[in-house]
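What follows is one structure encoded as structure tokens, with my remarks underneath.
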Amino acid sequence: MAEISRITGPEGHALAYVKTEGAGPCVVFLSGYKSDMEGTKAVHLEAWAEREGRAFLRLDYSGHGVSEGRFEDGTIGQWASDAEAVISAATDGPLVLVGSSMGGWIGCLLAKRLAARVAGFVGIAAAPDFTEDGFWAGFSEAERATLMETGRIELPSDYDEPYLVTRALIEDGRENLVLRAPLPMAWPVRLLQGTEDGSVKRETALALFDHIESPDARLTFVTGANHGFSDPACLRLIEQSIVEVSG
1 MAEISRITGP
11 EGHALAYVKT
21 EGAGPCVVFL
31 SGYKSDMEGT
41 KAVHLEAWAE
51 REGRAFLRLD
61 YSGHGVSEGR
71 FEDGTIGQWA
81 SDAEAVISAA
91 TDGPLVLVGS
101 SMGGWIGCLL
111 AKRLAARVAG
121 FVGIAAAPDF
131 TEDGFWAGFS
141 EAERATLMET
151 GRIELPSDYD
161 EPYLVTRALI
171 EDGRENLVLR
181 APLPMAWPVR
191 LLQGTEDGSV
201 KRETALALFD
211 HIESPDARLT
221 FVTGANHGFS
231 DPACLRLIEQ
241 SIVEVSG
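The opening position of the sequence shown corresponds to residue 1 in UniProt numbering, with each subsequent residue numbered one higher.
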């Protein structure tokens, strides 16, 4: 397993990443909200890529994992820029973007910015526009008022700590929405979604599928799979999807 490397990101934070050398296109794993590059899918796919002789990159956005910065200071736009900076510093040539949950949204943003380099896209329980269509849409008027007045609000989560949502996250999210216009992707696309996902609705997966303009796009629903999408069968499906979009 390769060692952790670091670069200075666009906001001055030290951003951590692990690059495994191999044949291209380089598979780039983009993790979710409050997740990091030590997650089950990231580590599993790194080991798989190494066995297959494929180039692989996993990374921590600022405020995540072992990268510098405070989580509560981050926004979608900043985290996308963090990922773009690491990709530009650590790779060259074609890319396969693999985005999990929020990483699916970030992957959509990077697909626009790095279109000339992208060879394929895999979304795993992708959560585009969740700050607006999930958080903001689900807030009561009182919660919205608290958020706008105090700049932050805490929401219960299925994990150890509550989700901290900031006003900056919501406002920046509105500048980076991807489901309000077509999403050109001139490469193969695979979207994977569990039927028992408690965080991302089926309607979100369908909306993303409908917005993507690709010559080869497929959306697969997996019976019983949850938001983690990390059991052996799901991990094999992710591997298969990466192979399919890699050309």
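Each residue gets a CB set at the ideal place from its N, CA and C atoms; glycine is no exception.
- In the displayed model, serine 5 falls within a strand according to three-state DSSP.
- Alanine 49: member of the alpha helix (DSSP H) spanning 40–52, first to last residue.
- A distance below 8 Å between beta-carbons, with the five flanking residues on each side excluded, links valine 165 to the following residues of its chain, in chain order: Thr131, Phe135, Leu147, Arg152, Ile153, Glu154 and Leu155.
- Per DSSP, phenylalanine 209 is one residue of the alpha helix (DSSP H) stretching across 202–211.
- Going by DSSP, alanine 186 is part of no beta strand (DSSP E) at all; its letter is neither H nor E.
- For proline 25, the uninterrupted beta strand (DSSP E) run begins and ends at 23–30, by DSSP.
- Per DSSP, the beta bridge partners of glycine 123 are Gly99 and Leu191.
- In the three-state scheme derived from DSSP, where H, G and I count as helix and E and B as strand, alanine 181 is classed as coil.
- Relative to asparagine 176, the option among Gly107, Phe121, Ala137 and Ser140 whose CA is nearest is Gly107.
- A straight-line Cα-Cα distance of about 14 Å links isoleucine 87 and methionine 37.
- If you ignore the 5 residues before and after threonine 75, its C-beta comes within less than 6 Å of the C-beta of Ala168, Leu169 and Asp172, all in its own chain and listed in chain order.
- The three-state secondary structure of phenylalanine 71, taken from DSSP, is helix.
- Note that the C-beta distance between leucine 59 and alanine 80 is not below 8 Å.
- A direct Cα-Cα distance of roughly 20 Å separates valine 27 from proline 184.
- DSSP lists Val165 as the bridge partner or partners of isoleucine 153.
- Of the candidates Asp216, Arg6 and Arg144, the residue whose Cα lies closest to the Cα of serine 246 is Asp216.
- Taken through DSSP and simplified to helix, strand or coil, threonine 146 comes out as helix.
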